[in-house]
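Asks: Residue numbers (our numbering): 2 to 326.
All residues carry an ideal CB built from backbone N, CA and C; glycine is no exception.
Just so we're clear, the structure is a prediction, and the values are computed from it rather than from any experiment.
A single structure is presented below for examination.
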Ligand code: SF4
Ligand code: MG
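Listed below in structure tokens is the structure:
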């Protein structure tokens, strides 16, 4: 397995107490596989990814338990320089906001080329040629003419392509993309997502796609992990989850995807807000918002039940949820 996160716990120590941002998360990504991690903000999906990358803000974020196995080695036990080498060359991250991730005073060619100068010992000239090649590969028109342009001279979609080019420059085995298309308009979103999926296939990389939007991952993900209040509440191969979600929260997320055939109808929204991580509700953390909640949900934390060989659901009533579709 390329990446295996085992029983990961991350806490944030704040003035008001300890926030349990990640509370026993398990997931895995194989070579060439795409895992979509889904959830609202505050669900722990980004924090888990930051822990994997080793870029958790510390303090106040602290990994308080678990293992992060990358190619069978626990990243949490590596020396700092080895950790840095893996982060620089074997893993890469793509963020939502390219403008703040790119350096505004360096041309995109310099920034792309820098990767090859620093990590591959290339000459400036060769690195520049590499930069143009990469810009071509992510389909930036007139790459040769634009290699000296600065980030602000590109559109949002083109900047996101540059981010993708930066991430894949050294052909890492794992890419983590955190809401890579959220800031873009819908047509550009689809193009950028398609490009990412295409390169991922070509390079046989593992890809973790973090999103709050189930709508954007249907065509690109192999499997999905849904997070809520720091835990995984459902895991499933991608198609099954759209056909028959086994957790009421997933069901709510699915109903909130805008659909063309429902134009004019009011969009469904899950009632209420995600919990404050300083005060996670007892029992099933979703119970205050769940239309199916029973008394037991307020007292007993649901384990991840086995729905079938490939699916798990942390709902006491997963069977009823499946049946009620
Ligand atoms: Fe809803 Fe209860 Fe299932 Fe939680 S365990 S999702 S509250 S039905
Ligand atoms: Mg986030």
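Assuming residue 249 contacts residue 316 under a Cβ cut-off of 8 Å, what Cβ separation, rounded to an integer in Å, is found between them?
Replies: 6 Å
Asks: Which residues have their C-beta within less than 5 Å of a heavy atom of the ligand MN, listed in chain order?
Replies: The ligand MN is absent from the structure shown, which contains only the ligand SF4 and the ligand MG.
Asks: What is the residue span of the beta strand (DSSP E) that residue 83 lies within?
Replies: Careful: residue 83 lies outside any beta strand (DSSP E), inside the alpha helix (DSSP H) at 81-86.
Asks: Look at the alpha carbon of residue 200 and the alpha carbon of residue 207, and state the distance between them as a whole number of angstroms.
Replies: 11 Å
Asks: Do residue 152 and residue 218 have their beta-carbon atoms positioned less than 8 Å apart in this structure?
Replies: no
Asks: First and last residue of the alpha helix (DSSP H) that includes residue 249?
Replies: Counting along the chain, the alpha helix (DSSP H) containing residue 249 begins and ends at 249-256.
Asks: Return yes when the Cβ of residue 133 is within less than 8 Å of the Cβ of residue 143, no when it is not.
Replies: no
Asks: Tell me residue 95's beta-bridge partners as DSSP assigns them.
Replies: 178
Asks: If residue 312 and residue 241 are in contact, beta carbons under 8 Å, what's the gap, nearest whole angstrom?
Replies: 6 Å
Asks: Just reading off the beta strand (DSSP E) that residue 140 is part of, what are its end residues?
Replies: Premise fails: residue 140 is in no beta strand (DSSP E) and is neither H nor E.
Asks: Tell me, please, whether the stretch 80-91 touches the stretch 26-46 by the rule of three or more beta-carbon pairs shorter than 8 Å.
Replies: no
Asks: Between 188, 127, 276, which has its C-alpha nearest residue 157's C-alpha?
Replies: 188
Asks: Helix, strand or coil for residue 77? Go by DSSP, reduced to three states.
Replies: Of the three classes helix, strand and coil, the one that applies to residue 77 here is helix, per DSSP.
Asks: Pick helix, strand or coil for residue 22, following the three-state DSSP scheme.
Replies: strand
Asks: Sorted by chain position, which residues of the same chain lie with C-beta nearer than 6 Å to residue 226's C-beta, five sequence neighbours on each side aside?
Replies: 28, 38, 233, 236
Asks: For residue 228, count the other beta carbons within 10 Å of its own beta carbon; 16 or more makes it buried, fewer makes it exposed. Which is it?
Replies: buried
Asks: According to DSSP, is residue 321 helix, strand or coil?
Replies: helix
Asks: Exposed or buried, which one is residue 53 when buried takes at least 16 other CB atoms within 10 Å?
Replies: buried
Asks: For residue 181 and residue 171, which I take to be in contact (beta-carbon distance under 8 Å), what is that distance rounded to the nearest angstrom?
Replies: Between residue 171 and residue 181 the Cβ distance is about 18 Å, and since that is not below 8 Å, they are no contact.
Asks: Near residue 17, which residues of its chain fall below 6 Å by C-beta distance, leaving aside the five closest residues on each side in sequence?
Replies: 279
Asks: Determine the DSSP secondary structure at residue 223, reduced to helix, strand or coil.
Replies: Three-state result, residue 223: coil.
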